[in-house]
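S.K.:
Residue numbers (my numbering): 1210 to 1285.
Following this line, the structure appears as C-alpha cells:
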C-alpha cells in the first residue's frame, strides 16, 4: 500500500499543547518524550495511518509540523 502522507515534527518548536494529537482523526500523532522545556512533545506514533490531511499542521500554534500529502507516490 502506498504511503498517503508524511508528518515532520520540528521538536525544538513544539511546546506540548497537544492540539495536533487531539485533532488528528487517524491518531498518527501522540504526545511522547519530555522535551527540553519539561513538557511532552509531539511524536509520530503511527506513520502508516497518516493520510496527509494537514489538520495537525493547521492546528499547531507553533508551526512545528510540516505535512506532505502523496498521490500516486508523488508529493502535492
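A virtual CB, placed ideally from N, CA and C, is assigned to each residue, including glycine.
(1) Report yes if the C-beta distance between residue 1216 and residue 1259 is below 8 Å; otherwise report no.
(2) So, for residue 1243: in the same chain, excluding its five sequence neighbours on each side, which residues have a beta-carbon less than 8 Å away from its beta-carbon?
(3) Where does residue 1249 sit, in a helix, a strand or coil, going by DSSP?
(4) What whole-angstrom Cβ distance do residue 1223 and residue 1273 have, given they're in contact under 8 Å?
(5) With DSSP as the reference, identify every bridge partner of residue 1240, one or two as the case may be.
(6) Is it true that the CB of residue 1279 sits closer than 8 Å to the CB of residue 1214?
(7) Pull up the distance between the alpha-carbon of residue 1256 and that of residue 1246, whole angstroms please.
M.R.: Let's see:
(1) yes
(2) 1249 and 1250
(3) strand
(4) 4 Å
(5) 1251
(6) yes
(7) 25 Å
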